[in-house]
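Input: a single structure, listed below in structure tokens.
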Amino acid sequence: MRALVALVLVAALSGCATLPVSGPVRIGPDLAQPSDDNSFYYSPSSPVDGASPTEILSGFLSAGTAPQNDYAIAREFLDESIRATWNPNQELLIQRATPRITITENGNAFVEVDVSARIDANGRYETLPAGSTRVLEYAFTEEAGQVRLSSAPDTTMVIRPVFDVVFKSYSIFFLDKSKQTLVPELRWFPSNPATGTKLVNALLAGPSSWLADSVVSAIPTGTVLSIDAVTVQREVALVDLSAAALVAELSDRSLMKAQLVATLSQLPTITQVSISIERSAQDIPDSQITVSGAQAATLLAIGEEGLQALTGANQDATSAGVAFFASTEVFDFAVSKSEGKLAAVTEQGVIVTELANPGGDIESVDPRSSLVELDYDPLGYLWLVSSSQAFVDSLPIQAPWLAGEQILDFALSPEGSRVAVVLGSGSNQVLVAAVVRDENGVPIRLSSPISIAADSANPTKIAWFDSVTVAVVNSEPETANISLVSVGGTTRVILGVNDVSSLVALGDGSNLYALKESGELVVFRGSFWSSISTAISAIAIAR
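To convert, note that position 379 of the sequence shown is 379 in the UniProt record's numbering; the numbers rise steadily by one, no gaps.
Next comes the structure, spelled out in structure tokens:
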């Protein structure tokens with residue numbers, strides 16, 4: 001064990017890293033705007049002649065705020081032996097406080113930093129437990145009489161405000177198992193000319209482990225970029241794939257293109273994608289596949305006028321089933337547009353009836369009269385969720401991680417490939433898992449989940465706000481707020497509403513609807529809640 005010098009030097013990072021509370025005002029690094037897009041970058045200083053080891057290390061850490069030109073400024077602090085091989089894209093740490101630098105007697109340095117999150121090489125965002133720290137080791141050498149770093153981990157670190165400026169979230173798109181819908185997974189990259197290359201490399205690397213059993217890719221396994229760069233000419237992204245892509249069936253090539261188009265068209269400089277394989281241009285037709293959340297959705301409500309559409313093309317249509325709903329107390333309901341069915345939780349259990357004529361032809365499907373959630377997925381399968389287990393068409397879904405837990409709320413994603421779950425009974429967790437289906441599309445199990453919304457103290461209700469964001473109601477004794485939580489990303493808190501009995505959203509990132517225990521239905525638009533209707537007993541989204 002190396003002996004440590006007693007004196008611990010606090011890293012004197014530049015103004016973008018900490019806010020000093022005393023001392024003279026100094027000029028911090030410039031905030032530069034590149035000419036090739038609208039993204040801002042910090043412009044830290046290059047090393048100065050005669051800088052000490054501590055100054056070199058502090059300057060190097062500060063230069064992690066500047067990803068332009070593949071972290072060219074940070075590389076100036078490195079010895080020639082590692083300048084080209086250092087990989088700053090391998091890991092990013094989001095720090096909570098100023099790093100602490102310790103110099104050892106043999107001249108090496110250790111940097112200890114409190115971290116709140118990390119981003120891996122493929123852009124996956126991981127929230128870390130409170131109190132997490134990392135210790136990184138560095139070594140120095142002399143090059144032409146100047147101190148330089150001879151060893152540095154493939155890691156950069158920034159504070160949250162810098163991360164919010166420099167990095168941006170993007171979705172990479174896979175296919176649901178039926179190959180009918182594009183399913184997004186959120187990733188984070190600095191927004192610069194290399195972003196397209198990073199997005200395609202992340203797509204080719206495949207989905208995260210928790211999602212892998214629920215999605216597929218039309219891009220053959222082992223495919224890489226034949227030239228490690230996606231170039232853009234006149235808003236056309238040129239993607240040259242390796243020979244492994246040749247094994248893709250003709251029917252899959254349109255889907256392969258759809259994945260690349262959906263992924264790359266998020267960049268403002270790209271409107272089209274041209275695919276080649278080993279520099280041989282490919283004539284691939286477009287696909288009509290839809291993106292999760294893009295399907296038309298309708299808000300339905302049951303009230304004194306029966307079943308009524310409150311949004312969408314049919315919102316002015318005559319209410320249905322007035323007599324049936326007047327005589328039958330419905331605690332919750334779900335609608336399948338594709339099957340033309342309406343399922344309802346009643347005192348007699350769960351029933352299924354015709355959507356066009358509620359009550360005309362009734363089938364009893366489950367004896368339970370109290371469920372946490374009732375919903376149809378896009379393939380027409382009916383999900384019934386109790387406080388302890390999920391069922392599809394009354395058959396249990398395998399999910400060992402739910403054993404012994406209390407389910408407070410449960411929500412299917414718009415395309416039906418993922419679920420969001422709120423657990424109570426002391427857990428107070430919000431989890432997201434993938435829906436695994438058999439060869440016929442029947443849901444059979446839930447994958448091991450990931451935890452999100454770590455800052456939610458008392459989550460109670462949940463809904464998919466859009467294809468990568470869930471809305472979480474955090475209920476406190478006298479107040480409530482709602483968090484918009486990215487699955488694999490950050491959290492934004494919006495104005496809450498009290499006494500929420502049901503929370504739904506259209507899934508396109510527009511409006512959020514809450515049914516209060518009093519029967520009042522309210523909608524969140526922009527920055528405030530407004531009342532839509534009263535005397536509503538249940539709400540649901542039909543897709």
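We put the CB at the ideal spot given by N, CA and C, even for glycine. Because the structure is a prediction, the values reported are computed rather than measured.
Neighbourhood of Pro34 by C-beta, 6 Å cutoff - its chain only, sequence neighbours within 5 removed: The residue given as residue 34 occupies position 34 in the sequence shown. A caution first: Pro34 carries a pLDDT of 42, below 50, which makes its placement in the model too unreliable to give a value.
Neighbour-count burial assignment, Arg2, 16 or more Cβ in a 10 Å radius: Taking the sequence shown and counting its residues from 1, the one referred to as residue 2 is at position 2. Reliability fails at Arg2, whose pLDDT of 38 lies under 50, so the model's placement of it is uncertain and the value that follows must be treated cautiously. Exposed is the call here.
DSSP state of Gly349 mapped onto helix, strand, coil: Walking along the sequence shown from the start, residue 349 turns up at place 349. DSSP places Gly349 in strand when its eight states are reduced to three.
Cβ-based burial, Ser394 [other Cβ within 10 Å; buried from 16]: Here residue 394 is taken as the residue at index 394 of the sequence shown, counted from 1. Ser394 is exposed by the Cβ-count criterion.
Three-state secondary structure assigned by DSSP to Gly426: What you label residue 426 is simply residue 426 of the sequence shown in a count that begins at 1. Looking at Gly426 - three-state DSSP - the assignment turns out to be coil, as it is neither helix nor strand.
Helix, strand or coil at Asp466 [DSSP, three-state]: On the sequence shown, position 466 is the one that residue 466 refers to. Three-state DSSP puts Asp466 in a strand.
7 Å Cβ cutoff met for Ile462 and Asp409: To locate residue 462, count along the sequence shown from 1; it is residue 462. To locate residue 409, count along the sequence shown from 1; it is residue 409. Going by C-beta atoms, Ile462 is nearer than 7 Å to Asp409.
The segment 423-432 contacting the segment 140-156, beta-carbon criterion three pairs below 8 Å: no
Local Cβ density within 10 Å of Leu175, reported as buried at 16 or more and exposed below that: Stepping through the sequence shown from its first residue, residue 175 is reached at position 175. Counting Cβ neighbours within 10 Å, Leu175 comes out buried, since at least 16 surround it.
Coil, strand or helix - Arg543 by DSSP: Indexing the sequence shown from 1 puts residue 543 at position 543. Coil.
Own chain partners of Gln266 with C-beta closer than 6 Å, once the 5 adjacent residues on each side are dropped: In the sequence shown, counting from the first residue as 1, residue 266 sits at position 266. Closer than 6 Å at Cβ, skipping near neighbours: Tyr170.
Inter-residue Cα distance where the pair is Asp316 and Ala309: By one-based count along the sequence shown, residue 316 stands at place 316. By one-based count along the sequence shown, residue 309 stands at place 309. Its pLDDT being 46, under 50, Asp316 is placed unreliably by the model, and the measurement read from it follows with that caveat. Cα-Cα distance, rounded: 7 Å.
Residue from Asp228, Thr195 and Ala248 whose Cα sits closest to the Cα of Thr221: Counting from one through the sequence shown, the residue named residue 221 turns up at place 221. Per the Cα distances, Ala248.
Beta strand (DSSP E) segment containing Arg525, residue limits: As a working mapping, residue 525 is identified with position 525 in the sequence shown. It spans Leu521 to Arg525 - the beta strand (DSSP E) in which Arg525 sits, taken as one unbroken run.
Every unbroken beta strand (DSSP E) inside the segment 140-224 [3 residues or more]: 146-151, 156-159, 167-176 and 181-190
Straight-line gap, residue 593 to Ser214 (C-alpha atoms, nearest Å): It is not possible to answer for residue 593, since the shown part of the chain is limited to 1 through 543.
Cut-off 7 Å between Cβ atoms - residues of its own chain near Leu93, not counting five sequence neighbours on either side: Along the sequence shown, one-based indexing puts residue 93 at 93. Excluding sequence neighbours, Leu93 sits near Val113, Val115, Arg118, Arg134, Thr155 and Met157.
Proximity winner among Val419, Leu238 and Thr269, relative to Lys257 (alpha-carbon distances): As a first step, residue 257 is located in the sequence shown; it is residue number 257 there, counting from the start. Measuring from the Cα of Lys257, the nearest candidate turns out to be Leu238.
Between the CA atoms of Pro477 and Ala411 - distance to the nearest angstrom: Indexing the sequence shown from 1 puts residue 411 at position 411. Indexing the sequence shown from 1 puts residue 477 at position 477. Cα to Cα, the separation comes out at about 24 Å.
6 Å Cβ shell around Asp375 - same chain, five flanking residues per side excluded: By 1-based counting over the sequence shown, the position of residue 375 is 375. Result list for Asp375: Ala334, Trp383 and Leu412, in chain order.
For Trp401, the three-state DSSP class (helix, strand or coil): Mapped onto the sequence shown, residue 401 falls at position 401. Helix at Trp401.
Simplified DSSP state of Leu233, which is helix, strand or coil: In the sequence shown, the residue the question calls residue 233 occupies position 233. The sequence shown places Gln at residue 233, rather than the Leu named in the question. Three-state DSSP puts Gln233 in a strand.
Close beta carbons around Val442, own chain, < 6 Å, minus the five adjacent residues each side: As a working note, residue 442 is residue 442 in the sequence shown. Cβ neighbours of Val442 beyond the five flanking positions: none.
Ala262 vs Leu182 beta-carbon contact at 7 Å: Here residue 262 refers to the residue found at position 262 when the sequence shown is read from its first residue. Here residue 182 refers to the residue found at position 182 when the sequence shown is read from its first residue. For Ala262 and Leu182, yes; Cβs fall inside 7 Å.
Every unbroken alpha helix (DSSP H) within the segment 318-397, with a cutoff of 4 residues, ordered by chain: 322-327
The segment 464-471 touching the segment 507-517, judged by at least three CB pairs closer than 8 Å: yes
Exposure label - Glu405; buried when at least 16 CB within 10 Å: The residue labelled residue 405 in the question sits at position 405 within the sequence shown. Under this definition Glu405 is a buried residue.
Ordered list of beta strand (DSSP E) runs contained in the segment 427-497, each at least 3 residues: 429-437, 443-446, 450-452, 459-466, 469-475, 480-486 and 491-495
Beta-carbon proximity list for Ile227, same chain, < 7 Å, skipping 5 on both sides: Mapped onto the sequence shown, residue 227 falls at position 227. For Ile227, where only same-chain residues beyond five positions count, the Cβ hits under 7 Å are Asp240.
Nearest candidate by alpha-carbon position, reference Asp286, set Ser280, Ser274 and Arg279: Here residue 286 refers to the residue found at position 286 of the sequence shown. Of the listed residues, the one whose Cα sits closest to Asp286 is Ser274.
Other residues of its chain near Ile536: CB distance less than 8 Å, five sequence neighbours each side excluded: For the purposes of this step, residue 536 is identified with residue 536 of the sequence shown, where counting begins at 1. Answer for Ile536: Ala301, Ile302, Gly303, Leu515, Gly519, Glu520 and Leu521, listed in chain order.
Rounded distance between the beta-carbons of Ile270 and Glu235, thought under 8 Å: Counting from 1 along the sequence shown, the entry for residue 235 is found at position 235. Counting from 1 along the sequence shown, the entry for residue 270 is found at position 270. Confirmed, about 6 Å.
Assigned exposure category for Glu416 - 16 Cβ within 10 Å defines buried: Indexing the sequence shown from 1 puts residue 416 at position 416. What sits at residue 416 in the sequence shown is Gly, not Glu. Buried: at least 16 other Cβ atoms inside 10 Å.
Limits of the unbroken alpha helix (DSSP H) element including Ala505: For the purposes of this step, residue 505 is taken as residue 505 along the sequence shown, with counting starting at 1. Here Ala505 belongs to no alpha helix (DSSP H); instead the beta strand (DSSP E) covers Val500 to Ala505.
Bridge-paired residues (DSSP) for Glu137: The residue given as residue 137 occupies position 137 in the sequence shown. Paired residue(s): Phe110.
DSSP state of Ile227 mapped onto helix, strand, coil: For the purposes of this step, residue 227 is taken as residue 227 along the sequence shown, with counting starting at 1. Coil, per DSSP.
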